[in-house]
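Residue numbering for the sequence shown follows the working numbering, beginning at 61 and increasing consecutively.
Heads up, the beta-carbon is just placed ideally off N, CA and C, and yes, glycines get one too.
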Amino acid sequence: MQYIILDLEWNTAFDRVHKEFVNEIIEFGAVKLDEDLREVSTFSSFVRPVIEKKLTSRVRKLTHITNEDVQSAERYLPVTNRFSEWIGDDPETVVMSWGDMDIRALISNNGFAFRDVTIPYIHQYVDLQGCFMKQKGLPKAHQVGLSTAAEMIDIDPDTYALHRALGDSLLASDCFRAIYDDVDLEDYIVDVDEDFYQQMLFKPYIIKELTDTGVDKSMLDCSCIICGQPAAKLSDWRFSGSSFHAIYKCAPCNQKYRVNVQFKRQYNQVVSKKTVLKIKDKKKKKA
Ligand SMILES: [Zn+2]
């Protein structure tokens, strides 16, 4: 049994062939812990970017990584090979990262470099951020950054080389050690299998057809805000922007409503949003 706590730095790059933005990896950092959570070794390497050779100023300012640092480094393939060798072949290796962005970056960089998104050296994975937040009872919607999390458990993040791959992975591994006794890790380990990749590759999208199975028809009703009775639909539903729109009217209250409903399909659920706005009477046409 061993744990690999991984952190990556990346540069925002535009892939002109596939016409999409890629988080192009420019640095690997990782800590290897044995089953008693003792540090066995660390891994640190820059990666020479090929999609976008120059780092954005945002990345240079945040990480203090220079163009010279990455231009003198090896490319993604040899670094990946060294990293994979460093991890070794212990079948009970659990790879962890703070949030799944690093895994998503590996998937997209593998897709770009090898036309194969799978990560051959990761078989079991834990999202440490998700694990931490659940253990602290924090709501999913409000994601806690690594430094904030560290402060919550009395680890001083400023003593680490933050926003650098190795510094962040060392900090994440100390956070992992700090919560380890209070966590049943088995509950958080996921198999990196076909399902996992499908989930990671799934791109949430806005539903544009009311016939879609993800549309909750009850969201398409409208009750009058004033009297609470069902209002009557005056127009057909039409889709524009990112939501469906229709006009409703409550005859007894003589009040019209504009109803907007949005359905967003995520990997394992559809998230719906609805707004009902009163339509003000246009008092007079101008004289
Ligand atoms: Zn009414």
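Under a Cβ-count criterion, where at least 16 other Cβ atoms within 10 Å of its own Cβ denotes burial, should E225 be classed as buried or exposed? Within the sequence shown, the letter at position 165 stands for residue 225. Reading the sequence as shown, one finds Ala at residue 225 and not Glu. Buried: at least 16 other Cβ atoms inside 10 Å.
For G89, the three-state DSSP class (helix, strand or coil): Indexing the sequence shown from 1 puts residue 89 at position 29. Of the three classes helix, strand and coil, the one that applies to G89 here is strand, per DSSP.
Three-way DSSP call (helix, strand, coil) for I249 in this model: Position 189 of the sequence shown, counted from the first residue, corresponds to residue 249. Secondary structure of I249 (DSSP, three-state): coil.
Extent of the continuous alpha helix (DSSP H) to which V139 belongs: Here residue 139 is taken as the residue at index 79 of the sequence shown, counted from 1. V139 -> alpha helix (DSSP H) spans Y136 to I147.
To the nearest angstrom, how far is the alpha carbon of Y240 from that of S300? What you label residue 240 is simply residue 180 of the sequence shown in a count that begins at 1. What you label residue 300 is simply residue 240 of the sequence shown in a count that begins at 1. Going from the Cα of Y240 to the Cα of S300 covers about 49 Å.
Less than 7 Å between the C-beta atoms of I125 and E84, yes or no? Within the sequence shown, numbered from 1, the residue matching residue 125 stands at position 65. Within the sequence shown, numbered from 1, the residue matching residue 84 stands at position 24. Cβ distance not < 7 Å, so I125 and E84 don't count as in contact.
Which residues bound the alpha helix (DSSP H) around Q131? Within the sequence shown, the letter at position 71 stands for residue 131. Counting along the chain, the alpha helix (DSSP H) containing Q131 begins and ends at N127 to Q131.
Burial state of F174 (16 or more Cβ within 10 Å): What you label residue 174 is simply residue 114 of the sequence shown in a count that begins at 1. By the neighbour-count rule (16 or more Cβ atoms within 10 Å), F174 is not buried but exposed.
Assumed close pair V321, S229 - CB separation to whole angstroms, cut-off 8 Å: For this step, residue 321 is matched to residue 261 along the sequence shown. For this step, residue 229 is matched to residue 169 along the sequence shown. With a Cβ gap of about 43 Å, V321 and S229 do not count as contacting.
Locate the alpha helix (DSSP H) running through Q258, then write down its first and last residues. Your numbering for residue 258 matches position 198 in the sequence shown. Unbroken alpha helix (DSSP H) run through Q258: E254 to L261.
Inter-residue spacing [alpha-carbon to alpha-carbon] between Y304 and D216: For this step, residue 304 is matched to residue 244 along the sequence shown. For this step, residue 216 is matched to residue 156 along the sequence shown. Looking at the sequence provided, one finds Phe at residue 304 rather than Tyr. Taking the straight line from one Cα to the other gives about 48 Å.
Tell me, please, which residues DSSP counts as bridged to P290. Mapped onto the sequence shown, residue 290 falls at position 230. BP columns for P290 point to S283.
Label Q259 either buried or exposed according to how many other C-beta atoms from any shown protein chain fall within 10 Å of its C-beta, with 16 as the threshold for buried. Position 199 of the sequence shown, counted from the start, is the residue given in the question as residue 259. When all chains shown are included, Q259 counts as exposed.
Excluding the five sequence neighbours on either side, which residues of its own chain have a C-beta within less than 8 Å of the C-beta of Q326, listed in chain order? The residue given as residue 326 occupies position 266 in the sequence shown. Taken in chain order, the residues that qualify are F262 and P264.
At the level of alpha carbons, what is the spacing between D187 and M156? Numbered from its first residue, the sequence shown carries residue 187 at position 127. Numbered from its first residue, the sequence shown carries residue 156 at position 96. The straight-line gap from Cα to Cα measures roughly 6 Å.
Could I get the ranges of all uninterrupted beta strand (DSSP E) runs contained in the region 194–250, with 3 residues as the minimum, in chain order? none
For ligand 1, is there any heavy atom lying closer than 6 Å to the beta carbon of P312? Counting from one through the sequence shown, the residue named residue 312 turns up at place 252. Yes.
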